Amino acid sequence: MVSDIKKLIELAEKKLNYLNEMLQLNNQLNIAINSQKLDDIKNILEKKQDIIASIDEIDSEFLPMYNLYKKVNRIDSIFNTPNNSADKSVLKGILIDIKGTLEKIKEVEDKNLEDINCAFKNLEEKINDVAKGKKGYIEYLKYYTPGSYFVDKKR
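Using the numbering used here, you'd call the opening residue of the sequence shown number 421 and step up by one each time.
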């Protein structure tokens, strides 16, 4: 059972490291969005997708092991048990850190989404202005362009 806790700690630490990388990438993404560097945005999103896949692999190993640990010890959560071992305390601390990091990631992603929506709205306004200008130019040409005339050749 002690080795199970150690394995859970190891997996939780890996996940926390990936989440910290994700947080850094989200901050970089915010900078790229605000500077409108589309290539950087694409690269960052690809890196985030790789990290998400790695976290999914960790979760697929962690969750069954954690659920088995809860079932064997007849508990609802590791947070409902006393800290009678150092390993449990470490695991609880890591899980708390994971939750805090996830909350930070959500805040940054919400800000990124807001910035993206703002950028799209500005782009939409510019496109509408160009379309209005083009329509006005076409109308101007219709009104001020002289009609075509047929000039007969001299015989």
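Even glycine gets a Cβ: it sits at the ideal position worked out from N, Cα and C. Computed from a prediction, not measured in an experiment: that's the story for all the values here.
Unbroken alpha helix (DSSP H) runs of no fewer than 4 residues, entirely contained in the stretch 423–494, are found at 458–493, following chain order. Straight-line measurement puts the Cα of Phe540 at about 43 Å from the Cα of Ser497. If the five residues before and after Met485 are omitted, its C-beta is found closer than 8 Å to the C-beta atoms of Asp424, Lys427, Leu428 and Leu431, all from its own chain and listed in chain order. The shortest C-alpha to C-alpha distance from Lys531 to any of Asn446, Ala551, Asn437 and Ser509 is the one to Asn446.
One alpha carbon belongs to Leu458, the other to Tyr438, and they sit about 24 Å apart. Secondary structure of Thr501 (DSSP, three-state): coil. Ile471 is positioned such that its CB atom lies no closer than 8 Å to that of Ala452. Residue environment: Lys435 is assigned as buried (16 or more neighbouring CB atoms within 10 Å of its CB, all protein chains considered). Across the structure, Lys546 and Asp479 are spaced so that their CA atoms are roughly 44 Å apart. At the C-beta level, Lys519 and Leu443 stay beyond 8 Å of one another. When secondary structure is reduced to three states using DSSP, Asp496 falls in the coil class, being assigned neither helix nor strand.
Taking 8 Å as the cut-off, the beta carbon of Val528 is found closer than this to the beta carbon of Asn450. Within the model, the alpha-carbon separation for Glu481 versus Ser509 is close to 21 Å.
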